[in-house]
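J.: Residue numbers (this note's numbering): 648 to 932. Quick reminder that beta carbons are idealized off the backbone N, C-alpha and C, glycines included.
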């Protein structure tokens, strides 16, 4: 299953050795690493991204999550100033465009929102924050692992303390629920308009127009999300196929099962969003 992994190390050297070990596990077919980065907390408590993978659809989304994670670990002042995302190209670009962190987007609230969108468990982040003391380093990664032992062994060999949490994704369900609610609201107002007295019609029509604007905005989000999950789905399958090719027979069977799960999850989310897009089209048509 896809998980967010955080591994805290006492030194920079140990963190980079841990990152090399994780790459070796990926190369050997023991787990699939979708994206990874290294963050550091200096002796004054400042948090920054030391290294991040910002290429491709998964890397870009991961960069946003990493920037939000750093922002929360750095505290409200760093988030408000935008300094928390320094070192993460995807996060910095999104912040500049008003999509992620910084003073224009609600500070810490925006950071927690981005973590929620990324499927990061905040309770896990609290545990990492306790371990990530000044002077320490942390590998953060999005991985698919069919065995926990290989990663545990390699990280412990390098002095790492590992945290892991299954990735949860409620964004598509929320979008679909919002569209259903907007459709009901619009239908109700249109029925009310048909029965309204002339002096009330203008106010009701104004409400309908505002709701249609919300529908249009939601439809734009749906289309963007559809493009996003298409790209991420292809990238994840490519990574899993690499592991199937290089894994041992027993591990290969587990990765093949995981591939089927990814395909099933993709079909479910695609259907949710397609249903929402159909509702939006009918409402706007």
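What are the complete beta strand (DSSP E) segments, minimum 3 residues, inside the region 776-837?
T.: Fully enclosed beta strand (DSSP E) runs of 3 or longer: 784-792, 808-813.
J.: Take the Cβ of residue 830 as the centre, count every other Cβ of all protein chains shown within 10 Å, and call the residue buried at 16 or more, exposed below.
T.: What you label residue 830 is simply residue 183 of the chain shown in a count that begins at 1. Burial call: buried.
J.: Leaving out five residues on either side along the sequence, give the residues of the same chain with a beta carbon under 7 angstroms from the beta carbon of residue 672.
T.: On the chain shown, residue 672 is found 25 positions in, with the first residue counted as 1. The residues are 678, 797, 798, 801.
J.: Could you tell me the alpha carbon to alpha carbon distance between residue 926 and residue 868, rounded to whole angstroms?
T.: If you number the chain shown from 1, residue 926 lands on position 279. If you number the chain shown from 1, residue 868 lands on position 221. Taking the straight line joining both Cα atoms gives about 13 angstroms.
J.: Give every residue of the same chain whose Cβ lies closer than 7 angstroms to the Cβ of residue 655, excluding the five residues on either side of it in the sequence, and list them in chain order.
T.: Walking along the chain shown from the start, residue 655 turns up at place 8. Hits under 7 angstroms: 775, 778, 779, 783, 785, 807, 808.
J.: Are the beta-carbon atoms of residue 686 and residue 697 separated by less than 9 angstroms?
T.: Residue mapping note: residue 686 aligns to position 39 of the chain shown, counting from 1. Residue mapping note: residue 697 aligns to position 50 of the chain shown, counting from 1. Yes, the Cβ-Cβ distance between residue 686 and residue 697 is below 9 angstroms.
J.: How many Å lie between residue 653 and residue 716 at the Cα?
T.: Working through the chain shown from its first residue, we reach residue 653 at position 6. Working through the chain shown from its first residue, we reach residue 716 at position 69. Distance between the alpha carbons of residue 653 and residue 716: 11 angstroms.
J.: Check whether the region 850-863 and the region 819-834 are in contact - that is, three or more C-beta pairs closer than 8 angstroms.
T.: Output reads yes: the region 819-834 touches the region 850-863.
J.: Rounded to whole angstroms, what's the CA-CA distance from residue 658 to residue 667? Just pull it up for me.
T.: Translated into positions along the chain shown, residue 658 becomes position 11. Translated into positions along the chain shown, residue 667 becomes position 20. Using only the alpha carbons, I get a separation of about 14 angstroms.
J.: The alpha helix (DSSP H) that contains residue 846, what's its start and end?
T.: The residue labelled residue 846 in the question sits at position 199 within the chain shown. Taken as a continuous stretch (DSSP letters only), the alpha helix (DSSP H) holding residue 846 covers 845-893.
J.: State the DSSP-derived secondary structure class of residue 710, mapped to helix, strand or coil.
T.: As a position in the chain shown, residue 710 is number 63, starting the count at 1. Helix, per DSSP.
J.: What do you get for residue 838, buried or exposed, if any count of 16 or more other CB atoms within 10 angstroms of its CB means buried?
T.: The sequence position of residue 838 within the chain shown is 191, counting from 1. Its Cβ having fewer than 16 others within 10 Å, residue 838 is exposed.
J.: Between residue 821 and residue 892, what straight-line distance do the alpha-carbon atoms span, to the nearest angstrom?
T.: Along the chain shown, read from residue 1 onward, the residue named residue 821 stands at position 174. Along the chain shown, read from residue 1 onward, the residue named residue 892 stands at position 245. Approximately 36 angstroms between the Cα atoms of the pair.
J.: When you compare the CB positions of residue 676 and residue 916, do they come within less than 9 angstroms of one another, or not?
T.: Working through the chain shown from its first residue, we reach residue 676 at position 29. Working through the chain shown from its first residue, we reach residue 916 at position 269. Not a contact, by the Cβ cut-off of 9 angstroms.
J.: Under the three-state reduction of DSSP, which class applies to residue 695: helix, strand or coil?
T.: On the chain shown, residue 695 is found 48 positions in, with the first residue counted as 1. Residue 695: strand per DSSP, three-state reduction.
J.: Closest by CA to residue 863, which one among 792, 895, 931, 664?
T.: Residue mapping note: residue 863 aligns to position 216 of the chain shown, counting from 1. Looking at the Cα atoms, 931 is the closest of the given residues.
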